[in-house]
Amino acid sequence: MAHIPEGIISGSLATYGFALSGVLSVWTGRTFTMKNIPKISLVTAAVFCASLLHFPLLGTSVHFTFVGLAGILLGPAAFLSVLVAVLFQGMLFQHGGLSTLGVNAFNMGMAALAGHYLFQARHLFPRMQRGTTVFALLAGFGAAFIMVALLAATLLLTGFPAAVVGTLFVIYIPVIFGEGLATGFLAAALVKSEKGGVFYKSR
Amino acid sequence: MLLVPALLLFSFVSPVSAHRMLITEDGEYLRIIYDNNAPASNATVVLLGEGDRVLWEGNADQDGRIKPAIKQFTRIEASDGLGHRAVYIQGEVRREIPRPLAAAIGVSFFLFIASLGNYITKNKSLTN
Numbered sequence: 089m090a091h092i093p094e095g096i097i098s099g100s101l102a103t104y105g106f107a108l109s110g111v112l113s114v115w116t117g118r119t120f121t122m123k124n125i126p127k128i129s130l131v132t133a134a135v136f137c138a139s140l141l142h143f144p145l146l147g148t149s150v151h152f153t154f155v156g157l158a159g160i161l162l163g164p165a166a167f168l169s170v171l172v173a174v175l176f177q178g179m180l181f182q183h184g185g186l187s188t189l190g191v192n193a194f195n196m197g198m199a200a201l202a203g204h205y206l207f208q209a210r211h212l213f214p215r216m217q218r219g220t221t222v223f224a225l226l227a228g229f230g231a232a233f234i235m236v237a238l239l240a241a242t243l244l245l246t247g248f249p250a251a252v253v254g255t256l257f258v259i260y261i262p263v264i265f266g267e268g269l270a271t272g273f274l275a276a277a278l279v280k281s282e283k284g285g286v287f288y289k290s291r
Numbered sequence: 555m556l557l558v559p560a561l562l563l564f565s566f567v568s569p570v571s572a573h574r575m576l577i578t579e580d581g582e583y584l585r586i587i588y589d590n591n592a593p594a595s596n597a598t599v600v601l602l603g604e605g606d607r608v609l610w611e612g613n614a615d616q617d618g619r620i621k622p623a624i625k626q627f628t629r630i631e632a633s634d635g636l637g638h639r640a641v642y643i644q645g646e647v648r649r650e651i652p653r654p655l656a657a658a659i660g661v662s663f664f665l666f667i668a669s670l671g672n673y674i675t676k677n678k679s680l681t682n
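Keeping their order, the protein sequence lines are chains P and G.
Note that this note's numbering has the first sequence beginning at 89, numbered continuously upward.
Note that this note's numbering has the second sequence beginning at 555, numbered continuously upward.
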């Protein structure tokens with residue numbers, strides 16, 4: 089699900105979402121350069137389309153987000169990329185609402201940032217064989233896990249019963265695994281074709 | 555330069571009202587589905603009258619179908635308990651872009667920005 093539609097969360101929670109997303113956009117936007125715009129735009133297009141890869145599961149509908157992938161490719165700028173993708177998903181696919189844009193962008197953008205930091209942790213193990221693939225896999229899993237945890241927290245703050253947390257994680261297990269595997273395979277393919285330069289590098 | 559494609563894009567945009575869960579009329583039944591046509595079999599449906607007074611409440615079956623016991627209402631709300639929600643107002647006309655076209659519009663916009671960024675960067679490096 090990932091996108092919270094209109095009419096679910098309270099006005100104050102929506103306001104907090106906009107405030108937090110705004111602060112994080114300014115903070116992560118510092119890494120934005122004109123040189124990066126083509127790469128950021130292409131990754132944003134991929135994240136934008138990812139929500140069309142949905143499938144029915146246990147009476148509900150879930151979809152991919154590829155926020156972990158955005159994190160390993162864009163670094164902190166992934167937050168802004170995800171924010172723009174969520175805005176476009178809301179406008180063109182009616183996934184999520186405009187009043188919940190802040191909360192949705194925060195939940196998914198934080199997941200992208202988590203993916204970035206998990207992937208950066210590979211530098212702590214420089215001698216590890218296939219470290220890039222292993223940490224990309226972890227980044228994909230971790231980002232999707234964080235996204236579901238933040239979504240669950242949002243629903244709990246809104247007044248949904250605590251049981252919804254367990255249900256969300258059960259429903260999202262295939263998505264968490266799918267995102268991890270897709271991110272890991274992509275990283276492995278990029279390394280194998282010697283295109284590892286597309287991964288985010290801090291200056 | 556970005557204003558023209560942005561204005562074009564916003565002119566195509568439909569209002570955010572139906573979200574990912576949809577309520578459709580199917581004869582005497584209501585059908586609660588997701589936008590990939592999968593039935594929302596966990597959905598709880600509430601029929602509301604004037605002043606948001608609850609008139610009737612029921613659960614959708616395995617196919618996402620439900621037959622309301624009453625026919626006079628002003629609004630229907632459906633929720634699957636996991637954050638998906640749909641609202642249906644009698645007589646409301648929905649204006650939606652077909653999904654493939656919406657995807658094409660979005661991707662075209664991002665490709666345009668990517669091309670523009672690439673063009674500006676290359677021009678800058680040539681002039682320096």
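For every residue, glycine included, the Cβ atom is placed at its ideal position computed from N, Cα and C.
As the structure is a prediction and not an experimental result, all values here were calculated from the model.
Continuous beta strand (DSSP E) stretch holding residue i: start and end
| i | result |
| --- | --- |
| F143 of chain P | 142–145 |
| M575 of chain G | 575–580 |
Beta carbon proximity, residue i to chain G, threshold 8 Å
| i | result |
| --- | --- |
| S129 of chain P | yes |
| I234 of chain P | no |
| L256 of chain P | yes |
| S149 of chain P | yes |
| Q182 of chain P | yes |
| F106 of chain P | no |
| M144 of chain P | According to the sequence as given, residue 144 of chain P is Pro; it is not Met. Yes, P144 of chain P lies at the interface with chain G (some Cβ there is under 8 Å from its Cβ). |
| L302 of chain P | Not covered by the structure: residue 302 of chain P. The range shown for chain P is 89 to 291. |
| V222 of chain P | no |
| T103 of chain P | no |
| L162 of chain P | no |
Residue i versus residue j - alpha carbon distance
| i | j | result |
| --- | --- | --- |
| G190 of chain P | L243 of chain P | 15 Å |
| S595 of chain G | T119 of chain P | 45 Å |
| L145 of chain P | P622 of chain G | 25 Å |
| G99 of chain P | S109 of chain P | 15 Å |
| I624 of chain G | L584 of chain G | 12 Å |
| I587 of chain G | P164 of chain P | 36 Å |
| V279 of chain P | N677 of chain G | 30 Å |
| S633 of chain G | I234 of chain P | 24 Å |
| L562 of chain G | G184 of chain P | Reliability fails at L562 of chain G, whose pLDDT of 43 lies under 50, so the model's placement of it is uncertain and no value is given. |
| A250 of chain P | I674 of chain G | 51 Å |
| G254 of chain P | F248 of chain P | 12 Å |
| V150 of chain P | S679 of chain G | 44 Å |
| L206 of chain P | M575 of chain G | 33 Å |
| V599 of chain G | T121 of chain P | 49 Å |
| L655 of chain G | L256 of chain P | 31 Å |
| G635 of chain G | G660 of chain G | 30 Å |
| L186 of chain P | F176 of chain P | 10 Å |
| E604 of chain G | Y642 of chain G | 14 Å |
| G268 of chain P | L609 of chain G | 46 Å |
| P652 of chain G | A658 of chain G | 10 Å |
| A102 of chain P | L239 of chain P | 13 Å |
| D580 of chain G | G197 of chain P | 39 Å |
Three-state secondary structure (DSSP) of residue i
| i | result |
| --- | --- |
| S148 of chain P | For the record, residue 148 of chain P in the displayed sequence is Thr; it is not Ser. Note: T148 of chain P maps to strand in three-state DSSP. |
| R639 of chain G | strand |
| A592 of chain G | coil |
| T121 of chain P | coil |
| L168 of chain P | helix |
| T221 of chain P | helix |
| S139 of chain P | coil |
| A632 of chain G | strand |
| I128 of chain P | helix |
| L186 of chain P | coil |
Contact with chain P by residue i, beta-carbon distance below 8 Å
| i | result |
| --- | --- |
| N672 of chain G | yes |
| A592 of chain G | yes |
| F627 of chain G | no |
| T598 of chain G | no |
| Y588 of chain G | yes |
| R639 of chain G | yes |
| A560 of chain G | Only weak support is given to the placement of A560 of chain G: the predicted model assigns it a pLDDT of 46, under 50, and the question is left unresolved by the model. |
| G635 of chain G | yes |
| R585 of chain G | no |
| V661 of chain G | yes |
| A657 of chain G | yes |
| T675 of chain G | yes |
Alpha helix (DSSP H) segment containing residue i, residue limits
| i | result |
| --- | --- |
| S662 of chain G | 653–681 |
| I160 of chain P | 155–162 |
| A193 of chain P | 189–208 |
| Y104 of chain P | 99–116 |
Residue i CB to nearest heavy atom of the ligand COA below 7 Å
| i | result |
| --- | --- |
| G285 of chain P | Among the components of this structure there are no ligands whatsoever, and the ligand COA is therefore not found. |
Practice prompt. Could you tell me which uninterrupted alpha helix (DSSP H) segments, each at least 4 residues in length, are contained entirely in the region 227–282 of chain P, listed from first to last along the chain?
Written response: 251–280
- Along the chain, which unbroken stretches of the alpha helix (DSSP H) at least 4 residues long are found entirely within the region 598–629 of chain G? none
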